[in-house]
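K.L.:
Note that the protein sequences, when read in sequence, are chains A and B.
Just remember that this note's numbering sits 536 ahead of the position in the first sequence, which is counted from 1.
Just remember that this note's numbering sits 536 ahead of the position in the second sequence, which is counted from 1.
Quick reminder that beta carbons are idealized off the backbone N, C-alpha and C, glycines included.
Here it is, the structure, as structure tokens.
Protein chains: 2
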Amino acid sequence: MAFQYLTNISLKKAKIEYENILVGEGFAGKTEKISVMDSCGRITAHAVYAHICAPHYHSSAMDGIAVDAKDTFGATETTPVHLKTNQYTVVDTGDAIPDGCDAVIMVEDIVQEEGGVCIYAAVSPWQNIRQIGEDICAGEMILNSYQKITPSAIGALIAGGVLEVEVIKCPVVGIIPTGDEIIPPTEDPKPGDILEFNGSIFSAMLQEWGAKAVIYPIVPDCFDEIKSMVNRAVEECDMVILNAGSSAGREDYSCQVIKEIGDVLYHGIAIKPGKPAILGYQKEKPILGVPGYPVSGIIVIEEILHPLIDLWNHRKIAEPQYVDAVLSRAVVSSLKYHEFVRVRLGYVGKRLIASPLSRGSGVISSFMKADGMLEVPQGTEGYEAGKTVTVRLLRPLSELKKMLVAIGSHDPLLDELADLLHRKNQEIYMSSSHVGSMGGIMSARRKENHIAGIHLLDDKNGTYNVSFIKKYFPHGGVRLVECVGRMQGLMLAPGNPLQIQGVEDLQRKGLRYVNRQKGSGTRILIDYLCKTKGIQTNEIYGYEREEFTHTSVAAQIESGSADAGMGIYSAANLYSLDFLPICIEQYDLLIPDEAWDTPMVQQLIEILKSDEFKACLEKLGGYKIGNPGEVREWFRSV
Amino acid sequence: MAFQYLTNISLKKAKIEYENILVGEGFAGKTEKISVMDSCGRITAHAVYAHICAPHYHSSAMDGIAVDAKDTFGATETTPVHLKTNQYTVVDTGDAIPDGCDAVIMVEDIVQEEGGVCIYAAVSPWQNIRQIGEDICAGEMILNSYQKITPSAIGALIAGGVLEVEVIKCPVVGIIPTGDEIIPPTEDPKPGDILEFNGSIFSAMLQEWGAKAVIYPIVPDCFDEIKSMVNRAVEECDMVILNAGSSAGREDYSCQVIKEIGDVLYHGIAIKPGKPAILGYQKEKPILGVPGYPVSGIIVIEEILHPLIDLWNHRKIAEPQYVDAVLSRAVVSSLKYHEFVRVRLGYVGKRLIASPLSRGSGVISSFMKADGMLEVPQGTEGYEAGKTVTVRLLRPLSELKKMLVAIGSHDPLLDELADLLHRKNQEIYMSSSHVGSMGGIMSARRKENHIAGIHLLDDKNGTYNVSFIKKYFPHGGVRLVECVGRMQGLMLAPGNPLQIQGVEDLQRKGLRYVNRQKGSGTRILIDYLCKTKGIQTNEIYGYEREEFTHTSVAAQIESGSADAGMGIYSAANLYSLDFLPICIEQYDLLIPDEAWDTPMVQQLIEILKSDEFKACLEKLGGYKIGNPGEVREWFRSV
């Protein structure tokens, strides 16, 4: 038993060894007999043969009369044949053919007459009869082993007299959440409480893969209690996930527990996120130690457990689809690990653009937003911006073709636009990345977005946006589309306890500021305001503390960890903060000509002009609404 | 209200009008609130916003000590800073940051000393802290309206304090089977009984589309009972399928019932199969009259009901994938209807070959076997063999690339080979079409198959197969691979009540023969035997009654509708028939050179040589096993 503590084994090698050991111990899909009616989507355990023929009797294929074909021989237009009532039986479609008959004459071809019927054409034996076994013959193989049962297969099985079928049993996976600070989901957690949602994520994933999840009660960080719960889960389930926290102390428990109950093959895999995974087992049952951060956990069970479930189910993993995409930002990776980087994808012109999402292993929203996964192999330093990389798709390519890519300045109204767009046309999706106004302009120059929200103040003349476009698009080729005027100001704790009256007060001792990132329009605004008022920004405590959205600045102030931050009224409003208005700025959309004619942008313009959008703005608050959707200026291509 | 009796309205027009009328009456997806934990795969009814931030408190991103960053300012390698125990708090990863602290120093960067710790580097405010809202900010939109909830979205929702979510309610579809002759599934039906399996097929389809089915008890052909059941279903469900039989009488009931309860838009659509469909409704609830034959029913509910369910669920139907394929046989279609033809698909070389399946609307197995759907528009006469047609895929293209295409003579051992292949490698599928030995040779000449089972007797010299290959492949390019010797003979009713002693007896008066189709090796054999014995085949009653497989010939004899048929021992054995051996013939596989090197054929050869295959043959019975899988002769390309 090769046990190593905190190894850095390659993922591929670890997977192969783990699978081999488990199969050697007898890991294999169990089977069960179920009713065919409940078998849709299940996998057959063996070949299935028909018990009876379908149809199981000779039946009339028409409405008409059943006859003995011999009696009709010789009938023609000129020499009709007369049949007496005892020579035929009236049949409807589907009726059984009476004994002594071997053909059916259609009702349209019969002339009624006294004491019988008259016919003008012969029928050959078995004409107009659905013969026994036309569909399926008894003894015929209906389904192979390891075949997925479809709705029509259910019909074929029942028609073939098969009412029960032996299928692969769904593997049962036990999930054990552990940790003193873990609490069941609630809307009102206390500081330090960690909401247990990994179990719900994992169980939904398992369900999609054809497994059944059992979530056990949360176990505190106590060796004996964890051990007893793992023992119970091993008893009751086919596979076990031990969801340990990521702190060193807790991990040691997990590994130690598994070693006492069974064996540990590896503790530590060369992947990021997901390194502290534990590949354990008790005889043929995998016991997988999964790190506590959700993103790490998802990757570990996707990489290690999913293939085992497919092996159990005798299914090949649907071959992942790969696409080439151009990286919008550099990705730096450690040589030590195989790294999984979530990316958003979108077609801008003919190029598929991949924008890396947050790589924090606690950032579950990054997984939700991801359209693709970029894998950076072990031993690779990463990729530069602009490089073409291969990305595994997490969403069908057809959806990506209808994705409106917004990269630029943040405003909550973007989410509302995304929602209105998708409500109107369920084929269209919108993805927003918040990189600030300057980031949006640079992205448009690199042809990586369809729209960019911008609000850039020219401090020479107090105008917005136009002079920046002239500078960065000297050859034109973009439109500036009116969106909204929006109220910028200082967001302050409710009731303004520090009595802040203006930007001048920000340098006051003991006051904690929270800022936006460099390149954002709001950062440019506060820099400008400080400059005009002669304030040294390094005198402002927290000026280097950067957040990427108005909402997150507001969230910091609401939490009490900062006293003031520059931002828009709607964000302050959302968190019920005090707000000191400073100016109304113009928030516009920059749209490159190539993007203008896409259905996504044209529908967006429609939405911008709609009453529904205006109603959304009223609800958010703090917006001055002029003529959203109007082209303010078209900088024609020269 | 435009009601027309047995119209022939175009499918497209009917669909649009039906949808418009229903939407006008208020047809729309209902919503319901459910627990987020149970929401995987469901569709949001509205945009969903976070209630709390995630993380919801400032937490340590490291194991270490929480400090006030200001206390560390100035610390360097040469000017360390000493912190007293009251200046810091020990924290683990995930712990809440205590009041008064705004940074964390990693445990690795701390030197313990008497009364406190010593540090050699300053930390900036908020360093090593996961700030509130790093993942999700309260008030942020987590999901759009009409968005499918994924496992990671479940995590994001719970992290955002959302425990309940309003989703589109699965529409409930009531299915009412009707008909005096309809009985619940059983293994032992009597002649005339029709097994009710449409309900099971439809309910599995509905489940795949995101609807819930309720199957009502079978209703006899009685107007009042049908009416009362439809009333009940309309009350209890969102949509109703009235599964009438296809005989005129029953259909009239359905249409009449719907007209009394609500309205009928059309009765009769220009599609085949599926023409007698009834597009009815009661206010906003569709009541669809569906023909009784399973294939017709599947097509009607796929074409008419599926789009309505997607409309309800605010989902666009996943865009069907179309491929170009070469038609292996002609398809003749009526100008009057838009026809749906099921086809098998397989890549032979680089060409995708489409082979039409049985078009009988009662042949449910044709739907189960179908890889694609060829639609022949109204007003088109059909397509010639060899024509390139566009086919809608019913199975992923990747699976088709691993499909072994067998077209040739029938033998039950082919099904066993298919099963052994798929058991061994779940990526490989095998599809068999039974067109007889000559059909197989012609198919190979047209490069439409990978293998062809053949057993062709050269009546000049009594040898098998070789002279035919020399004749039809004068330029070579094929291998003849040994399969089995198999016993051919006359299959007879158990106990041989008519005392049939040989082929000579077949012309006896009162004896009913059942034959194989022209071009099959078995037909050639019986033709040859009759010729050598001077028997006129038109003297044999039923000689023109053709079946396509050994099994179906056996099934006819077992049912008592024929007294004798030529076939192989294993088929007689399957039906416990008497068997009069006549000769042992060589059943071989013809494999074109282009197919030889494919992984499918190479695995097949391995299987042919395996002990498992020999065991299967023993079980089937009547085979002489030599060296299956050995190349008997390679006709090299010249």
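Could you tell me the alpha carbon to alpha carbon distance between L1093(A) and S596(B), rounded to whole angstroms?
P.N.:
On the first sequence, position 557 is the one that residue 1093(A) refers to. On the second sequence, position 60 is the one that residue 596(B) refers to. Per the sequence presented here, residue 1093(A) reads as Ile, with Leu not at that position. Looking at the two C-alpha atoms, the distance is approximately 19 Å.
K.L.:
Going by C-alpha to C-alpha distance, which of V708(A), I588(A), E561(A) sits closest to S1095(B)?
P.N.:
One-based indexing of the second sequence puts residue 1095(B) at position 559. When each option's Cα is compared against that of S1095(B), the closest is I588(A).
K.L.:
Buried or exposed for E1166(B), please, with buried defined as at least 16 other CB atoms from any protein chain shown within 10 angstroms of its CB.
P.N.:
Position 630 of the second sequence holds residue 1166(B). Burial call: exposed.
K.L.:
Which residues bound the alpha helix (DSSP H) around K726(A)?
P.N.:
Position 190 of the first sequence, counted from the start, is the residue given in the question as residue 726(A). Neither: K726(A) is in no alpha helix (DSSP H) and is coded neither H nor E.
K.L.:
Once you ignore the five residues that flank Q1053(B) on each side, which residues in its own chain have a CB closer than 8 Å to its CB?
P.N.:
Counted from its first residue, the second sequence places residue 1053(B) at position 517. Contacts found: G972, R1059, E1082, E1083, F1084.
K.L.:
Tell me whether H1011(A) is buried or exposed, calling it buried when 16 or more other Cβ atoms sit within 10 Å of its Cβ.
P.N.:
In the first sequence, the residue the question calls residue 1011(A) occupies position 475. Counting Cβ neighbours within 10 Å, H1011(A) comes out exposed, since fewer than 16 surround it.
K.L.:
May I ask you to report which of helix, strand or coil DSSP gives H587(B)?
P.N.:
Working through the second sequence from its first residue, we reach residue 587(B) at position 51. Correct three-state label for H587(B): coil.
K.L.:
Go through its chain and collect everything with a Cβ distance to C706(B)'s Cβ below 7 Å, but skip five positions before and after it.
P.N.:
For the purposes of this step, residue 706(B) is identified with residue 170 of the second sequence, where counting begins at 1. Result list for C706(B): G746, A747, K748, in chain order.
K.L.:
Quick one: does H618(B) have its CB under 7 Å from some CB of chain A?
P.N.:
Counting from 1 along the second sequence, the entry for residue 618(B) is found at position 82. Output row for H618(B): interface = no.
K.L.:
With a CB to CB cut of under 6 Å and the five nearest residues on each side skipped, what residues in its chain are close to N734(A)?
P.N.:
Position 198 of the first sequence, counted from the first residue, corresponds to residue 734(A). N779, P830, G833.
K.L.:
Determine the DSSP secondary structure at T543(B), reduced to helix, strand or coil.
P.N.:
Residue numbering aside, residue 543(B) sits at position 7 when the second sequence is read from its first letter. The answer is coil: DSSP assigns T543(B) none of H, G, I, E or B.
K.L.:
For S783(A), would you say it is in contact with chain B, using Cβ-to-Cβ distances shorter than 7 Å as the test?
P.N.:
As a first step, residue 783(A) must be located in the first sequence, where it is residue number 247. For S783(A), the predicted model reports a pLDDT of 48, less than 50, meaning its position is unreliable; a value from the coordinates is still stated below. Yes, S783(A) counts as interfacial toward chain B.
K.L.:
Using the Cβ count rule (16 or more neighbours within 10 Å means buried), how would you classify T612(B)?
P.N.:
Looking up residue 612(B) in the second sequence gives position 76. Exposed: under 16 other Cβ atoms inside 10 Å.
K.L.:
Once the 5 residues before and after E917(A) are set aside, which same chain residues still bring their CB inside 8 Å of it?
P.N.:
Here residue 917(A) refers to the residue found at position 381 of the first sequence. Within the same chain, E917(A) has close Cβ partners V868, S869, L871.
K.L.:
Taking only the alpha-carbon atoms, compute the straight-line gap between M598(A) and I668(A) and give it to the nearest angstrom.
P.N.:
Numbered from its first residue, the first sequence carries residue 598(A) at position 62. Numbered from its first residue, the first sequence carries residue 668(A) at position 132. Those two C-alpha atoms are separated by around 16 Å.
K.L.:
Would the beta-carbon of I718(B) fall within 7 Å of that of I730(B)?
P.N.:
Position 182 of the second sequence, counted from the start, is the residue given in the question as residue 718(B). Position 194 of the second sequence, counted from the start, is the residue given in the question as residue 730(B). Cβ atoms of I718(B) and I730(B): closer than 7 Å.
K.L.:
Determine the direct distance from the alpha carbon of R1172(A) to that of K886(A), and round the result to whole angstroms.
P.N.:
If you number the first sequence from 1, residue 886(A) lands on position 350. If you number the first sequence from 1, residue 1172(A) lands on position 636. Those two C-alpha atoms are separated by around 21 Å.
K.L.:
Based on Cα-Cα distance, which residue from L929(B), G1055(B), V770(B), A921(B) lies nearest to A906(B)?
P.N.:
For this step, residue 906(B) is matched to residue 370 along the second sequence. The shortest Cα separation from A906(B) among L929(B), G1055(B), V770(B), A921(B) belongs to L929(B).
K.L.:
Could you check where the alpha helix (DSSP H) with P809(A) kicks off and where it finishes?
P.N.:
Residue mapping note: residue 809(A) aligns to position 273 of the first sequence, counting from 1. Premise fails: P809(A) is in no alpha helix (DSSP H) and is neither H nor E.
K.L.:
Using a Cβ-Cβ cut-off of 7 Å, state whether V709(B) counts as contacting chain A.
P.N.:
Position 173 of the second sequence, counting from 1, holds the residue named residue 709(B). Output row for V709(B): interface = no.
K.L.:
List the residues of chain A that M565(B) touches, going by C-beta distances under 8 Å, in chain order.
P.N.:
Against the second sequence, residue 565(B) aligns to sequence position 29. For the sequence presented, residue 565(B) should be read as Gly rather than Met. Here the premise fails: no neighbours, minimum Cβ distance about 12 Å.
K.L.:
Could you confirm whether any beta carbon from chain A is found closer than 7 Å to the beta carbon of H986(B)?
P.N.:
On the second sequence, residue 986(B) is found 450 positions in, with the first residue counted as 1. No, H986(B) lies away from the interface with chain A (no Cβ there is under 7 Å from its Cβ).
K.L.:
Can you grab the Cα-Cα spacing for the pair I977(B) / V1014(B), in whole Å?
P.N.:
Here residue 977(B) refers to the residue found at position 441 when the second sequence is read from its first residue. Here residue 1014(B) refers to the residue found at position 478 when the second sequence is read from its first residue. Roughly 11 Å separates the two Cα atoms.
K.L.:
I need the straight-line Cα distance from L606(B) to K1160(A), nearest angstrom please.
P.N.:
Here the question's residue 606(B) lines up with position 70 in the second sequence. Here the question's residue 1160(A) lines up with position 624 in the first sequence. Looking at the sequence shown, residue 606(B) is not Leu but Lys. Taking the straight line joining both Cα atoms gives about 41 Å.
K.L.:
Identify the continuous beta strand (DSSP E) that holds V800(B) and give its terminal residues.
P.N.:
Position 264 of the second sequence, counting from 1, holds the residue named residue 800(B). Its beta strand (DSSP E) spans residues 799-803.
K.L.:
So which residues on chain A does E723(B) lean against when the C-beta distance must stay under 9 Å?
P.N.:
Counted from its first residue, the second sequence places residue 723(B) at position 187. Here the neighbours are H587, I588, G697, V698, L699.
K.L.:
CB-CB under 8 Å to D1162(A), same chain, minus the five flanking residues each way: which ones, in chain order?
P.N.:
Here residue 1162(A) refers to the residue found at position 626 when the first sequence is read from its first residue. The displayed chain sequence assigns Gly, not Asp, to residue 1162(A). Contacts found: E1018, V1020, G1021.
K.L.:
Compare the beta carbon distance of V925(A) and H986(A) with 7 Å and say whether it is the shorter of the two.
P.N.:
If you number the first sequence from 1, residue 925(A) lands on position 389. If you number the first sequence from 1, residue 986(A) lands on position 450. No, the pair does not count as a contact, with Cβ atoms beyond the cut-off.
K.L.:
Excluding the 5 residues flanking R786(B) on each side, which residues of the same chain have their C-beta closer than 7 Å to its C-beta?
P.N.:
Stepping through the second sequence from its first residue, residue 786(B) is reached at position 250. Low local confidence applies: a pLDDT of 44 at R786(B) is under 50, so the model's placement there is unreliable, with the coordinate-based value given in what follows. Only T714, G715, D757, A780 meet the Cβ criterion.
K.L.:
Along the chain, where does the alpha helix (DSSP H) containing N734(A) start, and where does it finish?
P.N.:
Here residue 734(A) refers to the residue found at position 198 of the first sequence. Looking at the DSSP string, the run of the alpha helix (DSSP H) that includes N734(A) is 734-744.
K.L.:
Check this for me: beta carbons of I900(B) and A632(A), under 7 Å apart or not?
P.N.:
Counting from one through the second sequence, the residue named residue 900(B) turns up at place 364. Counting from one through the first sequence, the residue named residue 632(A) turns up at place 96. Cβ distance not < 7 Å, so I900(B) and A632(A) don't count as in contact.
K.L.:
Counting only Cβ pairs nearer than 8 Å, list the residues of chain B close to Q962(A).
P.N.:
The count along the first sequence starts at 1 and reaches residue 962(A) at position 426. In chain order: Y682, H850, R851, K852.
K.L.:
What whole-angstrom Cβ distance do E920(A) and A866(A) have, given they're in contact under 8 Å?
P.N.:
Position 384 of the first sequence holds residue 920(A). Position 330 of the first sequence holds residue 866(A). With a Cβ gap of about 5 Å, E920(A) and A866(A) count as contacting.
K.L.:
Is it right to say C1119(B) is buried, meaning 16 or more other beta carbons lie within 10 angstroms of its own, or is it exposed?
P.N.:
Translated into positions along the second sequence, residue 1119(B) becomes position 583. With fewer than 16 Cβ atoms within 10 Å of its Cβ, C1119(B) is classed as exposed.
K.L.:
Less than 8 Å between C-beta atoms, sequence neighbours within five positions excluded: which residues of the same chain meet that for K763(B)?
P.N.:
Translated into positions along the second sequence, residue 763(B) becomes position 227. If we look at K763(B) and ignore the five residues flanking it on each side, its Cβ neighbours are V793, E796, I797.
K.L.:
Taking all protein chains shown into account, decide if D860(B) is buried (16 or more other Cβ within 10 angstroms of its Cβ) or exposed.
P.N.:
What you label residue 860(B) is simply residue 324 of the second sequence in a count that begins at 1. By the neighbour-count rule (16 or more Cβ atoms within 10 Å), D860(B) is not buried but exposed.
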